[in-house]
Amino acid sequence: MAQFREIKPSELTENPFNLIGDEWMLIGAVKPDGSFNMMTASWGMVGIMWGSPALNCLVRNTRYTFEFTEASPRAAFSFFGDSCRNQLSLLGSKSGREIDKMRSSGLTPVTDNGAVWFDEARLVIIGRKLYAHNVAPGEFTVPDLCAKVYPKRDFHRIYTYEIEKVLIK
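Take the sequence shown: its letters are residues 222 to 390, numbered as in this note's numbering.
Written as structure tokens, this is what we have:
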């Protein structure tokens with residue numbers, strides 16, 4: 222297992238626009254029975270929410286990972302840089318219902334208190350779920366945006382996680 226060290230969330234100097242939007246992240250969660258799943262995501266936010274460092278992510282209820290984010294009080298967000306782009310593409314395009322994504326990816330899972338992250342990551346954020354809410358079409362104040370980002374009306378559930386731990390290599 223690679224060596225990680227823990228830093229405070231306030232010590233993170235990474236640009237969140239690059240981290241989430243360009244680099245992508247793997248969202249990983251563990252059910253109470255120990256099974257886990259992960260998915261690639263490129264939508265989310267990092268900041269302060271309700272007085273704590275927080276990360277928001279979005280998961281559609283049609284994704285297999287949705288069962289895991291719903292069942293687990295925690296999730297991990299793994300960032301890899303360009304070194305695992307092919308694996309992230311696979312993990313974002315295939316369902317864990319259809320293939321063994323873990324075996325296919327070749328990544329090394331690490332379970333941690335209801336979350337799963339990956340030894341190959343360069344940065345890991347672990348969070349405790351504080352809030353979940355479904356995206357509602359009637360709440361968009363720019364109606365064209367809803368039609369643009371949800372043409373299939375397959376709305377996400379937004380999760381807010383309090384950042385409990387940040388690990389870097």
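The beta-carbon is built from N, C-alpha and C at its ideal position, and this holds for glycine as well. On a predicted model such as this, the values are computed, not experimentally measured, just so you know.
Length-filtered (4 minimum) alpha helix (DSSP H) runs lying within the segment 284-345: 285-292, 306-314, 322-326
Span separating the alpha-carbon of R324 from that of V363: Cα-Cα distance, rounded: 42 Å.
Taking the DSSP output, what are the residues bridged to V267? L276
Please state the DSSP three-state secondary structure of L240. helix
Do you know whose CA, among A336, L279, P253, N258, lies nearest V387's CA? A336
Residue span of the beta strand (DSSP E) that contains A357, given as start and end: Counting along the chain, A357 falls outside any beta strand (DSSP E), and DSSP gives it neither H nor E.
For N355 and R374, I'd like the C-alpha separation in whole angstroms. 12 Å
If we ignore side chains and look at the alpha-carbon of each, how far apart do R306 and F361 end up? 32 Å
What first and last residue would you give for the alpha helix (DSSP H) that runs through L366? 364-370
Option nearest G242 by Cα separation, candidates G302, T234, P294: G302
For T261, count neighbouring Cβ atoms within 10 angstroms of its own Cβ and tell me buried if that reaches 16, exposed if not. T261 comes out buried.
May I ask you to verify whether the segment 277-296 touches the segment 374-385, counting CB pairs closer than 8 Å and requiring at least 3? Verdict: yes, contact present.
Reduced DSSP secondary structure (H/G/I, E/B, other) of E227: strand
Based on the DSSP secondary-structure assignment, which residues constitute the bridge partners of G249? M259, A297
In its own chain, which residues sit with a C-beta less than 6 Å from the C-beta of P237, not counting the 5 before and 5 after it? Hits under 6 Å: V267.
Suppose the cutoff is 6 Å on Cβ atoms and the five residues either side in sequence are ignored; what does the same chain contact list for W264 look like? L279
Ignore the nearest five residues each way along the sequence and tell me which others in W270's own chain have a CB closer than 7 Å to its CB. The sequence shown places Met at residue 270, rather than the Trp named in the question. For M270, where only same-chain residues beyond five positions count, the Cβ hits under 7 Å are T381.
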